[in-house]
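Written out below as structure tokens is the structure these notes cover.
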Amino acid sequence: GAGVSQSPRYKVAKRGQDVALRCDPISGHVSLFWYQQALGQGPEFLTYFQNEAQLDKSGLPSDRFFAERPEGSVSTLKIQRTQQEDSAVYLCASSLLGISGNTIYFGEGSWLTVV
Amino acid sequence: SQELEQSPQSLIVQEGKNLTINCTSSKTLYGLYWYKQKYGEGLIFLMMLQKGGEEKSHEKITAKLDEKKQQSSLHITASQPSHAGIYLCGADSGGSNYKLTFGKGTLLTVNP
Numbered sequence: 001g002a003g004v005s006q007s008p009r010y011k012v013a014k015r016g017q018d019v020a021l022r023c024d025p026i027s028g029h030v031s032l033f034w035y036q037q038a039l040g041q042g043p044e045f046l047t048y049f050q051n052e053a054q055l056d057k058s059g060l061p062s063d064r065f066f067a068e069r070p071e072g073s074v075s076t077l078k079i080q081r082t083q084q085e086d087s088a089v090y091l092c093a094s095s096l097l098g099i100s101g102n103t104i105y106f107g108e109g110s111w112l113t114v115v
Numbered sequence: 116s117q118e119l120e121q122s123p124q125s126l127i128v129q130e131g132k133n134l135t136i137n138c139t140s141s142k143t144l145y146g147l148y149w150y151k152q153k154y155g156e157g158l159i160f161l162m163m164l165q166k167g168g169e170e171k172s173h174e175k176i177t178a179k180l181d182e183k184k185q186q187s188s189l190h191i192t193a194s195q196p197s198h199a200g201i202y203l204c205g206a207d208s209g210g211s212n213y214k215l216t217f218g219k220g221t222l223l224t225v226n227p
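So the protein sequences, as listed, match chains A and P.
Under the working numbering, think of the first position of the first sequence as 1, with each following residue one higher.
Under the working numbering, think of the first position of the second sequence as 116, with each following residue one higher.
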């Protein structure tokens, strides 16, 4: 597609519910990134994929967070047993390969509110 | 870990005025990225700087990276209401080539 597509755009979850956020990167982009942005803050790194390999998941806040990209294209960020502190915008981004010398394209984000 | 400090945190200007936003790093910047974000939307790429002393311009926006590669500035000339939004600087964290560290952003309001 023309850009990075994320769904759903908005999600309200009850505390304890599981959620899944989807990211469709730009076709042909090897690198895929997930970021979390709390209100009034800059985005914070969650995890990085190169093709289907998850090379860094050091930013995932807890073991309730899980990300996958099984075929090297679409990625899903799953949050189990959501908590109020998980409320944030989850941004997906992609690039041809890495970030040095390459433009990183961001999606519009998935707004998660946990009530 | 690398930290980026943006100043000012917020800025209100009259349409037509020039303005500058700064981004300062605690460590050498391997790559510096400027993005714009409108409330409720994703990040829009503006410019990428990699070399010390580098300067890039697009329309009325100019970004510079200082020689020591620890500070960048974003300058908007003759601001317009369409320039309003949150400006974020991001840097390649430790030269990882995949992890960006962002500042907290500068909220720009342009009054007509």
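Even for Gly, the Cβ is constructed at its ideal location relative to N, Cα and C.
_7 Å is my cut-off, CB to CB: does I79 of chain A come that close to chain P?_
Chain P, which has no Cβ nearer than 7 Å to the Cβ of I79 of chain A, makes this no.
*Put E85 of chain A into one of helix, strand or coil per three-state DSSP.*
The DSSP-derived three-state label of E85 of chain A is helix.
*List the residues of chain A that N94 of chain P touches, going by C-beta distances under 7 Å, in chain order.*
Lying before the first or after the last residue shown, residue 94 of chain P is absent from chain P, which here runs from 116 to 227.
*asked:* Quick test of your reading: G72 of chain A and N51 of chain A, contact by CB under 8 Å. State the CB separation rounded to the nearest angstrom.
replied: Sure, about 4 Å apart at Cβ, within 8 Å.
*Report the rounded CA-to-CA distance for G3 of chain A versus I26 of chain A, giving the unit in angstroms.*
Going from the Cα of G3 of chain A to the Cα of I26 of chain A covers about 6 Å.
_If contacts are defined as beta-carbon pairs under 8 Å, then Y150 of chain P and L203 of chain P qualify, I think. What distance do you get, rounded to the angstrom?_
With a Cβ gap of about 5 Å, Y150 of chain P and L203 of chain P count as contacting.
_Measuring alpha carbon to alpha carbon, tell me which residue in P:G168, P:L119, P:I136, P:E118 is nearest A199 of chain P._
Comparing Cα-Cα distances from A199 of chain P to each of P:G168, P:L119, P:I136, P:E118, the minimum goes to P:I136.
*asked:* Using only the alpha-carbon positions, how far apart do Y148 of chain P and H173 of chain P sit?
replied: Between the alpha carbons of Y148 of chain P and H173 of chain P lies a distance of about 14 Å.
*Closer than 6 Å by C-beta to E170 of chain P: which residues in its own chain qualify, once you throw out the five before and the five after it? Chain order, please.*
Closer than 6 Å at the Cβ level, and outside the excluded window around E170 of chain P, lie K179.
*asked:* Can you give me the C-alpha to C-alpha distance between T113 of chain A and G167 of chain P, rounded to a whole angstrom?
replied: Answer to the nearest angstrom: the Cα atoms are 41 Å apart.
*asked:* At a CB distance below 7 Å, what residues from the region 170–187 of chain P approach chain A? Give them in sequence order.
replied: Listed by position, the residues of the region 170–187 of chain P near chain A (Cβ gap below 7 Å) amount to none.
_Between the CA atoms of S62 of chain A and D18 of chain A - distance to the nearest angstrom_ = If you take the alpha carbons of D18 of chain A and S62 of chain A, they lie about 14 Å apart.
*asked:* Let me confirm a value: L39 of chain A is counted as buried when at least 16 other C-beta atoms fall within 10 Å, else exposed. Which label applies?
replied: It is exposed - the Cβ of L39 of chain A has fewer than 16 other Cβ atoms within 10 Å.
*asked:* Using CA atoms only, rank isn't needed, just tell me which of A:I99, A:V115, A:G109 is closest to M163 of chain P.
replied: Cα-wise, what sits closest to M163 of chain P is A:I99.
*Just mark E108 of chain A as buried or exposed, buried being the case when its beta carbon has 16 or more other beta carbons within 10 Å.*
Its Cβ being crowded by 16 or more others within 10 Å, E108 of chain A is buried.
_Bridge-paired residues (DSSP) for Y48 of chain A_ = According to DSSP, Y48 of chain A bridges with A:F33, A:D56.
*For E156 of chain P and chain A, any beta-carbon pair shorter than 7 Å?*
Taking Cβ atoms only, chain A reaches closer than 7 Å to E156 of chain P, which makes this a yes.
_Once DSSP output is grouped into helix, strand and coil, what is the label at S197 of chain P?_
Taken through DSSP and simplified to helix, strand or coil, S197 of chain P comes out as helix.
*State the Cα-Cα distance for the pair F66 of chain A and L46 of chain A, rounded to the nearest angstrom.*
Computed Cα separation, rounded: 10 Å.
*What does G107 of chain A pair with, by DSSP beta-bridge criteria?*
G107 of chain A pairs with nothing; no bridge assigned.
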